[in-house]
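Here the sequence shown is numbered in our numbering, starting from 1 and rising by one per residue. Notes for the one structure printed next.
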Amino acid sequence: MELLSREKAEQYGLVVPQVKERDQVLHDALCGYLANIRSGTRATKTKATVKASGKKPWRQKGTGRARAGYVSSPIWVGGGVVFGPQPRDFSKKIPKKVKQLALVKALAAKINNESVLCIDNANLAEIKTKHIFSLLDGWDGKESCLLILKSPNRNVLLSGRNIPHLDIVTAWDVNALDLMSFRKIFIEKEAINILVERVKKHHQTGNTNSQ
Numbered sequence: 001m002e003l004l005s006r007e008k009a010e011q012y013g014l015v016v017p018q019v020k021e022r023d024q025v026l027h028d029a030l031c032g033y034l035a036n037i038r039s040g041t042r043a044t045k046t047k048a049t050v051k052a053s054g055k056k057p058w059r060q061k062g063t064g065r066a067r068a069g070y071v072s073s074p075i076w077v078g079g080g081v082v083f084g085p086q087p088r089d090f091s092k093k094i095p096k097k098v099k100q101l102a103l104v105k106a107l108a109a110k111i112n113n114e115s116v117l118c119i120d121n122a123n124l125a126e127i128k129t130k131h132i133f134s135l136l137d138g139w140d141g142k143e144s145c146l147l148i149l150k151s152p153n154r155n156v157l158l159s160g161r162n163i164p165h166l167d168i169v170t171a172w173d174v175n176a177l178d179l180m181s182f183r184k185i186f187i188e189k190e191a192i193n194i195l196v197e198r199v200k201k202h203h204q205t206g207n208t209n210s211q
């Protein structure tokens with residue numbers, strides 16, 4: 001296991017730019033990812049959807065009380081809610097180039113902060129939770145941790161699924177939100193090549209557009 005420094009990352013072919021503390025592209029991408037995981041299913045009942053009798057509570061005149069037409073009125077206890085939340089779609093479309101650039105900057109931020117560690121191989125012979133801690137040497141389980149694999153590994157996924165503060169993804173699926181949500185990142189050495197390929201696609205796209 002070794003630290004993935006800027007020099008080591010450049011040896012693999014990773015371009016590690018300097019990232020400002022407040023980066024607009026990274027901010028926009030993270031806001032988009034967070035919006036896309038919102039369910040937007042909360043709802044309140046209006047006076048039309050409250051289950052209640054439609055009978056007039058009392059006659060219009062002659063009782064001395066204020067006139068009332070129905071018990072589902074918003075001013076009554078148990079009545080409908082005025083302008084309450086209704087189901088809605090919070091999703092935002094994140095441009096592909098923004099996703100790619102955000103991934104580059106998020107990865108660079110973690111490397112610059114010395115938060116990325118390389119492991120030789122993430123294979124486990126059997127499904128046991130304690131083997132995850134042996135694999136992630138130096139991790140005590142208290143800090144949030146992200147393990148990036150080259151490809152899905154059943155033994156690793158099942159061994160780590162019940163560990164709090166740990167998430168396991170593949171190098172093809174990891175995004176900027178995944179990287180920025182965890183304090184410590186472990187990555188298979190073979191998975192670095194996949195990230196290099198994804199980052200190179202971004203740079204090739206950028207160079208093509210600039211010509």
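Just so you know, even glycine gets a beta-carbon here, dropped at the ideal spot from N, CA and C. Values in this document were obtained by computation on a predicted structure and should not be read as measured data.
- Across the structure, residue 129 and residue 98 are spaced so that their CA atoms are roughly 37 Å apart.
- Beta-bridge partners of residue 184 (DSSP): 145.
- The beta strand (DSSP E) runs lying completely inside the stretch 74 to 122 and spanning 3 residues or more are 116 to 119, given in chain order.
- With contacts defined by Cβ atoms closer than 8 Å, residue 182 and residue 146 form a contacting pair.
- When the five nearest sequence neighbours on each side are left out, the beta carbons in the same chain lying within less than 7 Å of the beta carbon of residue 38 are those of 90, in order along the chain.
- Between residue 33 and residue 177, the beta carbon gap of about 4 Å places them in contact (Cβ cut-off 8 Å).
- Of 144, 78 and 190, the smallest CA-CA separation from residue 172 is found for 190.
- Under the criterion of beta carbons closer than 8 Å, residue 108 and residue 19 qualify as touching, at roughly 5 Å.
- Secondary structure of residue 2 (DSSP, three-state): strand.
- When the five nearest sequence neighbours on each side are left out, the beta carbons in the same chain lying within less than 7 Å of the beta carbon of residue 153 are those of 122 and 123, in order along the chain.
- Setting aside the 5 residues that flank it on each side, residue 156 is surrounded in the same chain by 122, 123, 124, 132, 135, 147, 149 and 168, each with a C-beta closer than 8 Å to its C-beta; the list follows chain order.
- In the DSSP annotation of this structure, the continuous segment of the beta strand (DSSP E) that includes residue 170 starts and ends at 166 to 170.
- Residue 137 and residue 186 have their C-alpha atoms spaced approximately 10 Å apart.
- In the DSSP assignment, residue 134 falls within the alpha helix (DSSP H) that extends over 129 to 135.
- Assignment of residue 199 by DSSP, reduced to helix, strand and coil, places it in the helix class.
- Within the same chain, Cβ atoms closer than 6 Å to the Cβ of residue 86 are found at 43, the five residues on either side in sequence being excluded.
- Sequence-distant partners of residue 184 (beyond 5 residues in either direction) whose C-beta falls short of 8 Å from its own C-beta, in its chain, are 115, 117, 139, 143, 144, 145 and 146.
- Cβ neighbours of residue 112 within its own chain (closer than 8 Å, five residues either side excluded): 6, 16, 18 and 19.
- Here residue 154 carries a helix assignment [DSSP, helix/strand/coil].
- Of all alpha-carbon atoms in 76, 31 and 14, the one lying nearest the alpha-carbon of residue 94 is that of 31.
- Across the structure, residue 50 and residue 59 are spaced so that their CA atoms are roughly 22 Å apart.
- Leaving aside the five residues that flank residue 65 on each side, the residues in its chain whose CB is nearer than 8 Å to its CB run, in chain order, 58.
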